[in-house]
Amino acid sequence: MNHQEFNFDGLVGPNHNYAGLSFGNVASTGNANSPSNPQQAALQGLQKMRKLMALGIPQGVLAPQQRPHVQALRSLGFSGSDDNVLTTAQQQAPAIFNACVSASSMWTANAATVSPSADTADAKVHFSPANLINKFHRSLEHPFTESLLRRVFPSEQHFSHHHALPMSDHFGDEGAANHTRFCNRYGEAGVEFFVYGKAAFDSRQPQPQKYPARQTLEASQAIARRHGLAPSQTVFAQQNPAAIDAGVFHNDVISVGNGNALFYHELAFADEAKTLADLQQAFDPFGTLDFIKVATAQVPLQDAISSYLFNTQLISVGDHMALVAPTECEQTDSVHRYLSDLVTHSSSIQQVEYIDVKQSMRNGGGPACLRLRVVLSEQEQAAVNQACIMDEAKITALEGWVKEHYRDRVDVADLADTAFIQECHTALDELSRLLQLGSIYPFQQS
Ligand SMILES: N=C(N)NCCC[C@H](NC(=O)CCC(=O)O)C(=O)O
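The letter at position 391 of the sequence shown is residue 399 when you use this note's numbering, and the numbering goes up by one with no holes.
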């Protein structure tokens, strides 16, 4: 049976903005309060999808969430009409208001952890929406994410949907950003690799000192249990706490895997030798993993973080792999030199494609943050909501929709403006029809 890895990209919402909400994510805090360009951000995202499709990767989209999250503000004591809730919150608690207007659901690598049917005990594709508990603005995402995933992957025969893990820091879960899968062929069983920042129930283990560890070991273990993964084919490894303190807030900022290859920086893991040995041992029944290590002497950690060398999409193209990298990698000397050299060596990676996703990068979201990987068999593909699977014509239609409805400049101060919110609702209302999602948005239900 023909299995393929689909990339479900988050469509950037009309409210895309820079509010400096993510402590530990240096791009987010560094660009706080800069004006944003939602139209350009969404078009860059669609252009990326077009590029991936041209490289042979099937592409889906996940719709953005409705913001402002008026219900969250009401739960915090703001009352009266919606308008009153928003203006009072913006005046009295601007930081909380900004958190409730974030377009952060665009980074669908954090939407959920997905295990393909080849790995799970009941042979269904499992989805666990991430609780994203470490950041208030992101912790608001999971209820909508779950209902969206249920509408995009509706078949109970093929898909199993879980709720987010308990809303406690002990079970902090950031989804696929800390999860990688290795396999020979997408349809065959593989090894699922979970990277965590700290062990929440064991304070003897090292932890970052400056920035938060957003993923816990206990959350990763719970996901593996729920998804029915075979323990012998599941590996847990701790991220290097010093890397988190340098700004590596998710593992996908310092390593990326695909097929039988792991591309990683030497400072990625707390115990590199053990991590690689555990991975190879789990992969032994299937073959040999290709570990492509980048040394600090080749690319200093700060260059890896600012260029997002590892937030690239590592994809299979015919008989080789390609890296889809942000243009920041081309503009960072050490990284560009490294990549130019890499493709001349006999490694799995023989092609590098550069892509401009600057609007997202300025919030710490590179190409890999914008996509959720879902391996599907032909039957599973047929059971997906087809309106969410892209082709050229649908991408063109979405580009037209963006150009019609999205502003080319948004300041954080605009976010409570009634006219702006109405524009966002109109855009999402039309989108829900284009993607055949039904009345999924709260404003459509009241
Ligand atoms: N690495 C992956 N997979 N995802 C990147 C997510 C970026 C996101 N930024 C933000 O949420 C910033 C929003 C703001 O500051 O306005 C975050 O930190 O959670």
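Backbone N, C-alpha and C fix where the C-beta goes; we use that ideal spot for every residue, glycine too.
| Item | Value |
| --- | --- |
| Boundaries of the alpha helix (DSSP H) in which Gly-236 is found, first to last residue | Per DSSP, Gly-236 belongs to no alpha helix (DSSP H) and is neither H nor E. |
| Burial state of Ser-87, where buried means 16 or more other Cβ atoms lie within 10 Å | exposed |
| Closest residue to Leu-270 among Ala-238, Val-133, Asp-298 and Thr-37 (Cα-Cα distance) | Asp-298 |
| Buried versus exposed, by CB contacts within 10 Å (16 or more), Leu-84 | exposed |
| First through last residue of the alpha helix (DSSP H) which encompasses Ser-368 | 366-369 |
| Cβ pair Ser-42, Arg-75 closer than 8 Å | no |
| Stretch-stretch touch, CB-based, cutoff 8 Å, three pairs: the segment 326-346 with the segment 374-383 | yes |
| Identified DSSP bridge partners for Lys-301 | Tyr-272 |
| Other residues of its chain near Ala-230: CB distance less than 6 Å, five sequence neighbours each side excluded | Leu-173 |
| Distance cut-off 7 Å: Tyr-458 Cβ against heavy atoms of ligand 1 | Since the first residue shown for the chain is 9 and the last is 454, residue 458 is missing from the structure and cannot be characterised. |
| Beta-carbon proximity list for Pro-239, same chain, < 7 Å, skipping 5 on both sides | none |
| Coil, strand or helix - Lys-206 by DSSP | strand |
| Unbroken stretches of the beta strand (DSSP E), 3 residues or longer, contained in the segment 300-332 | 321-325 |
| Near ligand 1: Arg-381 beta-carbon under 7 Å from a heavy atom | no |
| Of the listed residues Pro-214, Ala-254, Arg-193 and Asp-177, nearest to Thr-224 (C-alpha basis) | Asp-177 |
| Check whether His-258 and Ala-208 have beta carbons under 8 Å apart | no |
| Spatially closest choice to Gly-265 from Thr-352, Ala-285 and Ser-356, by CA coordinates | Ser-356 |
| Sequence-distant residues of its chain with Cβ nearer than 8 Å to His-77 (five each side left out) | Cys-108, Val-109 and Leu-148 |
| Min CB distance Asp-399 to chain C below 8 Å | The displayed structure is made up of one protein chain only, and chain C is not part of it. |
| Ser-112 beta carbon near ligand 3 (any heavy atom closer than 7 Å) | In the structure on display, ligand 3 does not appear, and the ligands it does have are ligand 1. |
| Asp-181 vs Ala-227 beta-carbon contact at 8 Å | yes |
| Of the residues Gln-367, Thr-434 and Glu-407, the one placed nearest Ala-35, counting alpha carbons only | Gln-367 |
| Segments assigned beta strand (DSSP E), at least 3 residues, entirely inside the segment 334-421 | 357-363 and 379-384 |
| Supposed contact pair His-170 and His-134 - C-beta distance, whole angstroms, cut 8 Å | 7 Å |
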